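Notes follow the structure.
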Amino acid sequence: MELDGAGLTCAKVHQAGYDGARVTIASLDRARAAWAVAQGLTGPVYGRSTGVGANRDVVMEGAGLDLLRSHVCGAGPPIEPARARAMLVVRLNQLLAGGSGVDPAVCRALAYAINHGYTPPLRTYGAIGTGDLTALATTALCLHGELPWHHEPPAPSTQPGPAGASALSEPVRPGGEPGPAEPVHPDGEPGPAELTRPGGESGHAGFVRTGEERRHPPSEPPHHAFASGDALPFISSGAATLADAAIACHRLRRLLDAAVDVAALSFTAVDASAEPLAAVVQEARPHPGQAVVAARLRGLLAHEPTTRVQDPYGYRAFAQVHGAAVDALDRATTTVEIDLNASTENPLFADGLAWHNGNFHAAPVALALDALRAALVQTAQLSTARLATLMDPAYTGHLPFLADRPGASGVLILEYVAQDALAELRHLANPVTTGTAVISRSAEDHAGFATQAARHALRCLEPLELVLACERTAAARALHASAPDRPLTADLETSRQALARHL
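Sequential numbering from -19 applies to the sequence shown in our numbering.
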């Protein structure tokens, strides 16, 4: 996967995090240009020659490492390595977009970490949507050699680069300038001569070893001795939040696609009318998602029109409601992908100057994800509405609850499970953007909580999948209604696994 600071997508972030895709750097030109600007400035620059936050007016030369150390304060459960790896990919791509003023050698060290299975030991809590300070400070001190890496040898890449391809198209000296070729491993990555601990020590210190690693020592852990001026620019990013948001958007895309397949089963099971899906209906109200959903569902249905005049909203308004969720996902994906490829650092180094700004504030992402989570609840509510019709003889023509004999409970319990999951989804849909926070003696007087919005979007996946699995299980029973009562755990798990294949 080639990173160029411009073409990273949610799907690629997911692939890099979970599929072991290796990365290469297209060019360091923009990163190098911003670094040159930063090196040439002599006046006061926030975070390079001053303190941060309320200390912005305090002259502080050479305090960058102290800033990193003071900001390592993640708390809560550990974040899985795949999400941490996705964060590294996002941060690397942002640095390649230019503007950070960070030493370009950091980019190469990040690429090395990604390609050799090194991730920082991140924890859940510590950000409010104005920069993932704790996560990136932890990453910086891992690179600097002061904190241990987590190491898992990466899985074989699904899209391997050319044999012998380096993580960079041209060799770079530690300062970021072009130079002669450096030692490389057989797989084409920079050798340990470039990636040593501060003070010159080499070896395998600096990461947590597993038993397998003790038997088969891994490559050298990545190291980059951080200059003081690189500290704030490196952590001035919401890369961890964006990685979570990208993963959530990618998985929700597949789950919303699967929801159309599940609805088609219910349409067939109750002989619902396809008239509301007609193209002429969608053209009269041309919301993009509505048209896409209706067209796809029309293509899945093959039964003759029903004799009912019209069906409940779970069927009649499916394209409108689920289409709104598709539109919300499209907007969220577009918003996230803008930031995946943006220069979010404060200050921004461009045109020979340092531009102090608020690009780190992730309000657009938070607002888009709040809207998306609310839309997911609407989709799940219609799923439970269709589930209710599948229990009703007036729609299925079978016994109540799709039972095999009068008085039996059939699949009634699926309604309890679905409503439990729906309640969880409603809770996760509560907006995070209605709150705020005032930090650092009021120097930082607003927060958008995009971190929480992304975290909740990830957590929405399980209850939404479960609601759809309940509908799928009942629809399958309605299409084969002679089955006797039995424990439904295995049936429900089969439906969940079928949905998981979409993810």
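Note that the Cβ used here is the ideal one computed from N, Cα and C, for glycine as well.
Values in this document were obtained by computation on a predicted structure and should not be read as measured data.
Proximity winner among the options, relative to residue i (alpha-carbon distances)
i: Pro490; options: Ser253, His336, Thr313, Ala433; result: Here the chain covers residues -19 to 483 and nothing more, so residue 490 does not appear.
i: Gly56; options: His96, Thr119, Tyr105; result: Tyr105
i: Gln477; options: Glu445, Ala456, Pro467; result: Glu445
i: Ile393; options: Tyr92, Arg71, Thr469; result: Thr469
i: Leu382; options: Ala348, Gln19, Leu448, Thr453; result: Thr453
i: Leu127; options: Leu349, Pro373, Leu102; result: Leu102
i: Pro256; options: Arg481, Gln300, Ile419; result: Gln300
i: Ala346; options: Glu451, Arg49, Thr414, Gln(-5); result: Thr414
i: Trp15; options: Thr416, Gly111, Gly79; result: Gly79
i: Val(-7); options: His341, Gly279, Asn321; result: Asn321
i: Ser216; options: Leu408, Arg28, Thr22, Thr(-11); result: Arg28
i: Pro266; options: Ala1, Gly303, Ala11, Leu362; result: Gly303
i: Ala354; options: Val397, Ile318, Ala308; result: Ala308
Beta-bridge pairing of residue i - partner residues as DSSP gives them
i: Glu(-18); result: Thr4
i: Tyr98; result: His131
i: Pro58; result: Arg103
i: Glu424; result: Ile419
i: Phe329; result: Ala334
Counted within 10 angstroms of its Cβ, other Cβ atoms place residue i as buried (16 or more) or exposed
i: His230; result: buried
i: Gly332; result: exposed
i: Gln432; result: buried
i: Gly109; result: buried
i: Tyr98; result: buried
i: Ala225; result: buried
i: Pro485; result: This structure does not reach residue 485, given that the chain is present from -19 up to 483, and the question cannot be answered.
i: Pro166; result: Below a pLDDT of 50, predicted positions are generally treated as unreliable, and Pro166, at 29, falls in that range; no measurement from the model is reported.
i: Pro327; result: buried
i: Thr373; result: Correcting the residue type first, residue 373 is Pro in the shown sequence and not Thr. Classification of Pro373: exposed, given that the 10 Å Cβ count is below 16.
i: Arg457; result: buried
i: Ala350; result: Ala is not the amino acid found at residue 350; the sequence shown has Asp there. Per the 10 Å Cβ criterion, buried.
i: His460; result: exposed
i: Ser509; result: Outside the displayed range of the chain (-19 to 483) lies residue 509, so it cannot be described from this structure.
i: Ala403; result: exposed
i: Gly183; result: Note that Gly183 scores a pLDDT of 35, beneath 50, so its modelled location is shaky and nothing firm can be said.
i: Gly180; result: Its pLDDT being 35, under 50, Gly180 is placed unreliably by the model, and the measurement read from it follows with that caveat. Exposed is the call here.
i: Cys122; result: buried
i: Gln290; result: exposed
i: Ala259; result: exposed
i: Asp112; result: buried
i: Ser50; result: exposed
i: Val52; result: buried
i: Gly0; result: buried
Supposed contact pair residue j and residue i - C-beta distance, whole angstroms, cut 8 Å
i: Val70; j: Leu222; result: 5 Å
i: Thr324; j: Asn339; result: 5 Å
i: Thr364; j: Val250; result: Actually they are not in contact, since the Cβ atoms of Thr364 and Val250 sit about 15 Å apart, beyond 8 Å.
i: Leu68; j: Ala107; result: About 16 Å separates the two Cβ atoms, so there is no contact after all.
i: Val82; j: Pro292; result: Wrong, their Cβ atoms sit about 57 Å apart, outside the cutoff.
i: Ala115; j: Leu48; result: That pair is no contact at about 12 Å.
i: Gly54; j: Phe206; result: With 8 Å as the limit, Gly54 and Phe206 do not qualify as a contact, their Cβ atoms being about 18 Å apart.
i: Ala401; j: Pro443; result: 4 Å
i: Leu235; j: Leu367; result: With a Cβ gap of about 17 Å, Leu235 and Leu367 do not count as contacting.
Residue-level contact to chain B via CB, residue i, 8 Å cutoff
i: Ala330; result: Included in the structure is just one protein chain, with no chain B present.
- prompt: Can you list the alpha helix (DSSP H) stretches of 4 or more residues lying completely in the segment 200 to 279, in chain order?
  reply: Within the segment 200 to 279, the complete alpha helix (DSSP H) segments at least 4 residues long are 211 to 215, 219 to 249, 259 to 263, listed from N- to C-terminus.
- request: Write down every uninterrupted run of the alpha helix (DSSP H) in the segment 291 to 368 whose length is 4 residues or greater and which is fully enclosed by it, in chain order.
  value: Taking only runs of at least 4 residues, the alpha helix (DSSP H) segments lying wholly in the segment 291 to 368 are 293 to 296, 298 to 320.
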